[in-house]
Structure formats: structure tokens, C-alpha cells
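What follows is a short report on a single structure.
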Amino acid sequence: MGMFSRINDIVQANLNAMLDKAEDPEKIIRLIIQEMEETLVEVRTDAARFIAQQKTLTRERNAIEKSIADWQYKAQLAVNNDKESLAKAALVEKQKYVAKAQAIEEQLSQLTDSVDKIQQDTGRLNEKLVEAKQKQKSLITRKHSATTRLKVKAVDSAGKIDDAMMRFEHYEQRIDYLEAQVDAYDVTDQKTTSLSDEFAALEQDESIDKELAEMKKQSVA
């Protein structure tokens, strides 16, 4: 066996402690259940072998008991007919079968103890197996619940990110609008030349030209 070396190791194992220390509790509990089930198969195989031996020995014992009764009858018959030596010989044969019967009884007693112990161990193993399967079911339920909650959190987080991005884009649009307002002021503040201003400038240029011409004539004279 891998995790367990004896049936008692399985029965006395603290599943909670084992799972708390495991990096992958779901995998560990699956392996534990597998080993328990394999152990039960081995135990049942032993039980079947012992029961088969019990049946075989019981048949042998019944045959021996019949032989004992037969030799007992022969010994009594010899005594009744004053055949003492023959009676002793019959009793000797009877004792041989009695010894065989005693040996078989001892074997049957040992087999009975073994079968009783297997029944107890099987009961304890089944209880532990039920406990392990309940742990496995609990782990699967917890994993499913955690996975579902994680998906919900992920969707919620994605929604928050989208909201934040929308707020950021809205904020950028507001800034763009404010900057556009400033640019609009710059455009509207540019000075425009009216028609009267253009004529006034033209008259000023003409006056300057006349004065410059007069200055040139005086210089020549």
C-alpha cells in the first residue's frame, strides 16, 4: 500500500489533518478513497478464502466424526463378542480420528477468529470510506462554489473597469471641451480690420507720400 501500511493506519488516519497539509486536497482525497477501496477488495478476498477453508474443514470434520462413530461401534461390537484385542484395535483407529478432529477444530477456531476480525475491519473500513467520500463531496462542493464566486468577482471587476474607463473617457471629453472653449476665445479675440480703418490707412499713406515728394523737390533746389 502507498499512504497506508496497515488497516489500522487507515482507520486511525486523521483525514482533516492530511487534507490541511496537502497542496492538492482534492487529488489526495481521491487517492485515499482509491486505496481504501483497494484495501476492501483485498480484505474481501481474504475473507472469501477463509470462508472457503472453513467449509472444506467442516466437511472433513463431519466425515471424521462419522469415522469416529463407526470405530466406536466396531469396538463395542468386538467387546460384546469378547474380542478384546479387536476392540483395542478399533479404539486405536478411533483415537487417530479423534486427534484429526481436534486438529481440525483448532484450525476452524483460528479461521473463525480471522473471519470475525475481517468482519470488524471491513466495518471500520467502510465507515472510514464513507467519511472520506463525504470529505470528497464537500471539497468538490467548495471548489464549485469558489469557482462560481470567482467568476462573479471577475465579471464584477470587469464591469468596474469598464465603468472607470467610461468615466475617464467622459473626463477627457470634458477637458477637450474646456480646451476648445479657450481656443474659441483666442479665435474671437483676433482684431478684424473694418472698411473705415482701411480707408484711413490709405489716406495716411497718401499724405506721407506727398510729404516725401515735397522733401525731394526742396533737396534738388
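Sequential numbering from 27 applies to the sequence shown in the numbering used here.
Backbone N, C-alpha and C fix where the C-beta goes; we use that ideal spot for every residue, glycine too.
Which of the three DSSP states, helix, strand or coil, is assigned to residue i?
i	result
ASN40	coil
LYS236	helix
ASP231	helix
GLU49	coil
PHE30	Because the pLDDT of PHE30 is 43, which lies under 50, any placement of that residue in the model is unreliable, and the question is left without a value.
Just to confirm before moving on: does the CB-CB distance between residue i and residue j stay below 8 Å?
i	j	result
ALA78	VAL141	no
ILE90	LYS126	yes
ALA113	VAL124	no
ILE54	ALA158	no
LYS169	GLU49	no
LYS161	LEU45	yes
LEU117	ALA95	no
THR148	VAL69	yes
LEU134	GLN80	yes
LYS120	GLN145	no
LEU151	LEU57	no
Counting only runs of 4+ residues fully inside the segment 97-172, write out the alpha helix (DSSP H) ranges in chain order. none
Can you confirm whether the segment 81-90 touches the segment 54-71 when touching is taken to mean that 3 or more C-beta pairs between the two stretches lie within less than 8 Å? no
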